[in-house]
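Down below is the structure, laid out as structure tokens.
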Amino acid sequence: MKTIRNLMMGLTVFYALVTVMYTVWTAVITNDPEWVGIVAFILMTMFSAFIAWYMSVENKPFKKKRLPEDREDAEIYEADPELGVFSPYSMWPAFTAGGAALVFASIAFGWWPAFFLAPIGLIGLLGWMFEMYRGKFGH
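Numbering-wise, the sequence shown is residues 44 to 182 according to the working numbering.
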């Protein structure tokens with residue numbers, strides 16, 4: 044959290060400087076302020092400042108047990124939690140991706156093929172969700 048907070052504080056300072064330079068460049072030099080860019084830079088500054096503030100507030104619970112990325116003596120495996128159980132040799136992720144690809148590719152021809160191809164992706168998604176309940180990997 045401390046590392047992310049410091050990065051976001053640095054980005055806040057950078058965006059503030061860029062906002063000032065961009066405002067001077069468009070308003071003074073060209074005599075025509077470009078408001079979309081100025082507002083976008085101001086919002087980037089505010090959003091990064093908000094994230095930096097939030098990370099500093101969230102850092103308080105981690106005073107007792109520091110995160111691995113904030114410690115100098117941490118090992119890589121400490122920041123790598125177990126993500127879950129994945130069944131090997133599953134065909135359902137490829138089936139789901141193929142169905143989604145067909146749906147998005149069919150939009151090039153119009154919306155009507157997407158209605159006929161969407162069940163392929165839906166069947167793949169349902170199969171992926173329930174594959175641990177039936178067959179070889181059932182429990």
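Ideal Cβ placement from N, Cα and C applies to all residues, glycine included. Only a predicted model underlies this, so the values are computations on that prediction, with no experimental measurement involved.
| Query | Result |
| --- | --- |
| Beta-carbon proximity list for E115, same chain, < 8 Å, skipping 5 on both sides | none |
| Same chain, Cβ closer than 6 Å to G170, neighbours up to 5 away in sequence not counted | W135 |
| Buried/exposed call for S91, threshold 16 Cβ in 10 Å | buried |
| Whole-number beta carbon distance between T55 and T88, since they are thought to touch under 8 Å | 6 Å |
| Exposed unless 16 or more other CB atoms sit within 10 angstroms - verdict on Y58 | buried |
| Local conformation of N74 per DSSP, three classes | coil |
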